[in-house]
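One structure below.
Protein chains: 2
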Amino acid sequence: MKTLIVDDDLALADVLSFTMRRAGFEVIMAHDGQSALDRWSDNNPDLIILDLNLPKLDGLKVCQQIRAQSNTPIIILTVRGEEDDVVKGLELGADDYIVKPFSPRQLVARAEAVLRRVTTSPVSPAPIQVGELTLDPLRSEVHCGNEGLVQLTKLECKLMETLMINRGSVLPIETLIDSVWGPSAGDRVMLKQLVYRLRRKIEPNPSKPKYIQTVAGVGYTFET
Amino acid sequence: MKTLIVDDDLALADVLSFTMRRAGFEVIMAHDGQSALDRWSDNNPDLIILDLNLPKLDGLKVCQQIRAQSNTPIIILTVRGEEDDVVKGLELGADDYIVKPFSPRQLVARAEAVLRRVTTSPVSPAPIQVGELTLDPLRSEVHCGNEGLVQLTKLECKLMETLMINRGSVLPIETLIDSVWGPSAGDRVMLKQLVYRLRRKIEPNPSKPKYIQTVAGVGYTFET
DNA sequence: CTTCGGGGTAACAAGTCAGTAACAAATGGT
DNA sequence: ACCATTTGTTACTGACTTGTTACCCCGAAG
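Protein sequence lines correspond, in order, to chains A and B. Per our numbering, numbering of the first sequence is gapless, rising by one per residue and ending at 225. Per our numbering, numbering of the second sequence is gapless, rising by one per residue and ending at 225.
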């Protein structure tokens with residue numbers, strides 16, 4: 002169910018909630034900006050409609066606070082002539098705005114357009130964190146906690162991912178080869194190369210291996 | 002010229018059309034709901050006034066059909082006590098309703114209000130703002146905050162929109178191709194081209210990419 | 001002490017891919 | 001039907017990634 006919070010100080014609140022209910026939204030009324038904030042955290046809605054002319058709390062502030070805590074889409078209502086506020090609202094992270102007076106179907110259309118946008122945004126694979134190292138598989142980047150990020154190549158990233166996921170346990174050479182190149186491809190020498198190159202990137206000091214440990218004759222392991 | 006279709010089964014049809022003509026509308030008479038539909042497609046009017054008590058065809062059905070084919074604004078006429086129908090009409094996408102008997106001045110005012118709504122605010126896509134860039138998908142324009150606006154082509158605009166909506170996350174090549182050309186069309190080379198052309202328009206300085214970041218081997222991301 | 005094997009290092013070659021550009025085809029407005 | 005713009009195609013370049021080969025070092029076994 003698509004949930005929606007509106008502000009009932011708005012003169013058009015009943016028309017609005019009626020329209021949106023008809024369009025399949027669950028509408029939660031809030032009595033002022035602050036309570037919109039409260040209700041937001043209580044109900045975790047899919048969409049928030051904010052009136053910029055909130056009596057008790059500046060609508061822009063509410064917008065900012067909501068955006069600071071989540072990326073719930075926000076539609077701003079405004080009266081004509083407040084173009085400055087609209088710009089500010091969009092800068093603060095609002096997703097759309099509607100100028101009063103608005104037509105019901107326009108409101109519905111916009112609400113659904115906004116929802117379409119946010120729901121179609123792809124889910125990114127979660128970064129893997131071990132110790133002070135964080136691997137972002139999508140960007141092939143390693144963030145080194147205290148400082149600096151390193152760009153990895155695709156293969157380096159794949160190897161790193163495998164090692165980090167199975168941290169602590171020793172991964173045989175063959176296993177690693179398979180996980181990087183797939184079965185029936187790659188060989189020991191290439192893996193050696195890859196480990197070497199990866200180490201140079203994430204272990205500035207070559208003398209004592211900080212993360213990737215060699216287990217002679219068997220394989221490698223990732224230690225925190 | 003503002004064009005308007007009314008239904009002449011309406012008892013007040015002549016008063017109505019007289020009033021509206023005086024207010025500067027061109028009035029097209031229709032003999033019943035069906036012919037209102039026909040005339041609508043013939044004349045592509047700016048506004049339609051529908052009587053719910055159409056004799057031959059249910060006014061609500063007409064409303065629904067019209068709305069299914071366009072978003073031409075609709076005003077519903079109703080007699081007092083038909084609140085249910087009004088509700089249904091609004092549900093079906095009507096923009097306003099007027100209770101009979103109505104005063105001519107009120108009718109004109111409402112008609113113009115409705116027109117103002119639909120003409121003064123963009124209907125579907127809202128501007129998207131990220132950082133100092135604002136994309137107007139309707140006009141395919143990018144405003145660059147401090148200075149200047151750039152005209153984009155359709156494809157450039159689509160790409161820009163996708164990137165801005167998903168700002169911060171890495172969009173794989175395939176995803177971008179789908180979002181611009183749809184599935185089973187387009188290829189990497191064309192996307193490369195498109196990115197190249199878009200960059201030349203929004204990033205005057207080619208040396209350091211300001212917005213569109215390349216993630217080698219994966220895709221692109223829009224950074225603020 | 002020498003030999004042998006495996007890992008680490010390095011240099012180099014081959015391959016891949018993004019950026020760039022020029023040009024051709026398609027589209028759209030007059 | 002013509003012109004301008006947009007879109008699709010092909011090709012080249014340079015940077016970076018990946019694969020290949022060789023050599024060094026060190027410890028263990030003969």
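Cβ atoms here follow ideal geometry from the backbone N, Cα and C, with glycine treated the same way.
Query                                                                                                                      : Result
Cβ of B:Gly218 within 7 angstroms of any chain A Cβ                                                                        : yes
Where the beta strand (DSSP E) through A:Leu48 begins and ends                                                             : 48-52
C-alpha gap between A:Gln152 and A:Pro138, whole angstroms                                                                 : 11 angstroms
Nearest to A:Glu1 (by Cα), restricted to the options A:Gly183, A:Val171, A:Glu204, A:Arg189                                : Lying outside 2 to 225, the shown extent of chain A, residue 1 of chain A is not represented and no answer is given.
Residues that A:Ala110 bridges to, as DSSP identifies them                                                                 : Looking at the DSSP assignment, A:Ala110 forms no beta bridge with any residue, so it has no partner.
Bridge-paired residues (DSSP) for B:Tyr98                                                                                  : B:Ile77
Contact with chain B by A:Ser104, beta-carbon distance below 7 angstroms                                                   : yes
Within chain B, the residues that A:Lys155 reaches when beta carbons sit closer than 9 angstroms                           : Ala217, Gly218, Val219
Coarse secondary structure for A:Ile223, derived from DSSP in three states                                                 : Position check: residue 223 of chain A holds Phe in this sequence, whereas Ile was assumed. Residue state, collapsed to three classes: strand.
A:Val63 burial status per 10 Å Cβ neighbour count (16 or more: buried)                                                     : buried
Bridge-paired residues (DSSP) for A:Leu195                                                                                 : According to DSSP, which records beta bridges pairwise, A:Leu195 is partnered with nothing at all.
Alpha helix (DSSP H) segments (min. 4 residues) lying fully within the region 130-168 of chain A                           : 155-166
Contact set between A:Arg140 and chain B, taken where Cβ atoms lie within less than 7 angstroms                            : Val171, Val216
B:Ile213 - partner residues in DSSP beta bridges                                                                           : B:Phe223
Own chain partners of B:Leu150 with C-beta closer than 7 angstroms, once the 5 adjacent residues on each side are dropped  : Glu142, Val143, His144
For A:Glu175, the first and last residue of its enclosing beta strand (DSSP E)                                             : Premise fails: A:Glu175 lies in the alpha helix (DSSP H), 174-182, not in any beta strand (DSSP E).
Coil, strand or helix - B:Phe103 by DSSP                                                                                   : coil
B:Pro205: contacting residues in chain A (beta-carbon distance under 8 angstroms)                                          : Within chain A, no residue comes near B:Pro205; the closest Cβ sits about 22 angstroms away, beyond 8 angstroms.
Of the listed residues A:Asp59, A:Ser185, A:Ile76, A:Thr176, nearest to A:Ile49 (C-alpha basis)                            : A:Ile76
Interface residues of chain A facing B:Asp179 [CB-CB closer than 8 angstroms]                                              : Neighbours of B:Asp179 on chain A: none; closest Cβ ~11 angstroms, over 8 angstroms.
For B:Thr4, the residue or residues it bridges with in DSSP                                                                : B:Glu27
Residue interval of the alpha helix (DSSP H) (run including A:Gly60)                                                       : 60-70
DSSP-derived helix/strand/coil call for A:Asp188                                                                           : coil
CB contact below 7 angstroms: B:Asp96 versus chain A                                                                       : yes
Nearest neighbour of B:Leu136, chosen from A:Asp96, A:Ala112, A:Thr163 [CA to CA]                                          : A:Asp96
Identity of the residue in A:Glu162, A:Met191, A:Arg111, A:Lys155 nearest A:Ile129 by Cα                                   : A:Glu162
Cβ-heavy atom distance, A:Ile29 to the ligand GDP, below 6 angstroms                                                       : This structure simply doesn't include the ligand GDP, nor any ligand for that matter.
Supposed contact pair A:Leu51 and A:Tyr27 - C-beta distance, whole angstroms, cut 8 angstroms                              : For the sequence presented, residue 27 of chain A should be read as Glu rather than Tyr. No, A:Glu27 and A:Leu51 are not in contact; Cβ-Cβ is about 17 angstroms, not under 8 angstroms.
B:Leu17, DSSP secondary structure in three states                                                                          : helix
Given 8 angstroms, three or more beta-carbon pairs between the region 211-221 of chain A and the region 167-177 of chain A : yes
Alpha-carbon spacing of A:Gly229 relative to A:Leu61, whole angstroms                                                      : Given that chain A is displayed from residue 2 to residue 225, the structure contains no residue 229 of chain A and the question cannot be resolved.
A:Val131 beta carbon less than 7 angstroms from that of A:Leu1                                                             : Look at the range of chain A in this structure, 2 to 225, and you will see that residue 1 of chain A is not part of it.
Neighbour list for B:Pro74 in chain A, Cβ cutoff strictly below 8 angstroms                                                : Ser104
Length of the line joining the Cα atoms of B:Val80 and B:Thr20                                                             : 19 angstroms
Contacts of B:Val115 in chain A (Cβ-Cβ under 8 angstroms)                                                                  : Ser104
Length of the line joining the Cα atoms of A:Glu212 and A:Ala186                                                           : A small fix is needed here, since residue 212 of chain A is Tyr in this sequence, not Glu. Between A:Tyr212 and A:Ala186, the C-alpha separation is close to 26 angstroms.
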